[in-house]
Amino acid sequence: MIKNDSLSFEEALRKIEQILKQLENKELDLEEAINLYEEGLKLIHFCEEKLKNARTRIEVILKDKEGFKLENLEKAYELLKNGFK
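My numbering puts the sequence shown at residues 1 to 85.
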């Protein structure tokens with residue numbers, strides 16, 4: 001099981017790699033393979049959430065005609081895409 005409060009992104013990736021190696025074992029019984037698959041999916045979801053949270057925390061300094069301002073990555077991308085409109 002995943003202990004979300006103590007697991008880092010990198011540790012989760014390592015566990016996913018371990019699970020993939022285990023799933024490549026042709027002698028693995030079906031029930032164990034299903035359990036590993038489910039654990040892998042949970043870890044992937046955990047990593048996706050970590051990335052999503054990190055992305056919203058990243059801030060970008062932008063300069064416009066009014067000077068410098070700090071924006072989160074999502075808003076900065078939209079501003080750059082639309083030419084600060």
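Where a beta carbon is used, it is the ideal one built from N, C-alpha and C, also for glycine.
So, for Lys-15: in the same chain, excluding its five sequence neighbours on each side, which residues have a beta-carbon less than 7 Å away from its beta-carbon? Excluding five sequence positions before and after Lys-15, the CB atoms of its chain that fall closer than 7 Å to its own CB belong to Leu-43, given in chain order.
Tell me which residue opens and which closes the alpha helix (DSSP H) that Asn-35 is part of. Residue range 30 to 57 is occupied by the alpha helix (DSSP H) that includes Asn-35.
Element boundaries [alpha helix (DSSP H), containing Leu-20]: Looking at the DSSP string, the run of the alpha helix (DSSP H) that includes Leu-20 is 9 to 23.
Would you call the CB atoms of Thr-56 and Asn-82 closer than 9 Å? In this structure, Asn-82 does not lie closer than 9 Å to Thr-56 by Cβ.
Given Glu-74, which residues of its chain have a CB within under 8 Å of its CB, disregarding the five upstream and five downstream residues? Correct list, in chain order: Arg-55 and Thr-56.
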